[in-house]
Structures are given as structure tokens and as C-alpha cells.
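Anchor point for the sequence shown: position 116 equals 1585 in my numbering, and the numbering is continuous, going up by one each time.
C-beta atoms are modelled at their ideal positions from N, C-alpha and C, and glycine is treated no differently.
Because the structure is a prediction, the values reported are computed rather than measured.
Down below is the structure, laid out as C-alpha cells.
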Amino acid sequence: MTPINKVKVMLIFPSMLAAEPISYYLVKSYDLKINILKAYVNYNVEGRLLIELEGTDANIKNALKYLKSLNIKTIKNGTGTYIDFDNCIACGACIAACEPGALKLENDKLVFDGTKCLECRLCEKACPERLIKNVFNQR
Ligand code: SF4
Ligand code: SF4
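Have a look at this one:
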């Protein structure tokens, strides 16, 4: 019997897809169970969904490919914590603020481990470049 796995994925999708029944297609076409953990949808801006997908590895992989083909950004083990890695200067200030150890430097690049992130938002306040935000709770 093919093993069933679970994966937590953050989906960030553009405004024109905000009203699409994405979860319906994932269930129907890829035989996945979907658990929506957090959701933010604004028809005129963008949609954000933190979901748990349950199914075979192959079906999860194909579903993620399908989402990418729709121009939906997928972040495995994502949380509401969003980091603009492109503009990060690797100063390490956010690492010092992160007690659970979800942030570290590897080869002078910031690395985020969503499995450890508690969404406490202390890194957000610590970043001098204002590169971190919580996508579900913006101030
Ligand atoms: S939100 Fe909290 S736990 Fe998550 S990366 Fe930032 S400081 Fe660490
Ligand atoms: S505090 Fe900001 S600039 Fe510094 S490493 Fe963290 S995300 Fe990058």
C-alpha cells in the first residue's frame, strides 16, 4: 500500500486567482485531504492560505506542480512569517531575537525553518531593514 504523508504548505496567490476554488481542484484532481489552517483572501489584492495536504508523495508533488503552474508561490513548512530574502543583508539581528531557533546563517545566508517558528513576531521588530512580516497579521 502506498504510504500517506502530510505536508504543511503556505500558498501565496495573485489577485486574479483569489476567487478560484483551488482547494476543490486539489481534492478532486489529486485525491488529497486538505486542512486549511489559516486563510486571508482579498479579491483585489492577493490570497494567502496555510494548508496541510495529506496524500501520497506523488499526488502531493503533482499538486504542488499544478499550483506553481498557476503562478502560486508555495512554501513548504511555511508559517505566517514571511521574509524578503532577496533584500536580506544577513546582519543576524533576527537570529538573536528568535528563541526557538527558527533562523540561522548558513554560508552567509539567512535560513528559515518553519517547523520551529512560533509566529511570535520578535524577529519582525528586530530586523533593521523591515524585511520580515506576518502575512496574516499585518500592522
Ligand atoms: S516569528 Fe518568532 S519564532 Fe518565528 S522566526 Fe520570528 S522570532 Fe523566530
Ligand atoms: S534582521 Fe533582517 S536583514 Fe538582518 S538577517 Fe534578519 S532578515 Fe536579514
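Report whether the distance from the Cβ of Glu1568 to the nearest heavy atom of ligand 2 is below 7 Å.
no
For ligand 2, any of its heavy atoms closer than 7 Å to the Cβ of Glu1521?
Every heavy atom of ligand 2 is 7 Å or more from the Cβ of Glu1521, so no.
Out of Cys1596, Ile1520, Leu1587, state which residue places its alpha-carbon closest to the alpha-carbon of Val1476.
Ile1520
Can you tell me where the beta strand (DSSP E) with Leu1572 in it begins and where it stops?
1572-1575
How would you call Val1478, buried or exposed, if buried means at least 16 neighbouring beta carbons within 10 angstroms?
buried
What is the DSSP secondary structure of Phe1554, reduced to helix, strand or coil?
helix
In whole angstroms, give me the CA-to-CA distance for Phe1605 and Lys1534.
24 Å
Identify every residue that forms a DSSP beta bridge with Val1476.
Leu1522
Using 8 Å as the Cβ pair cut-off and three pairs as the minimum, do the stretch 1494-1514 and the stretch 1555-1572 touch?
no
Nearest by alpha-carbon distance to Ala1527: which of Gly1583, Pro1472, Glu1588 is it?
Pro1472
Could you tell me whether the Cβ atoms of Gly1516 and Asn1603 are closer together than 8 Å?
It is not a contact, given that the beta carbons lie outside the stated cut-off.
Is the distance from the Cβ of Gly1583 to the Cβ of Gly1547 below 8 Å?
yes
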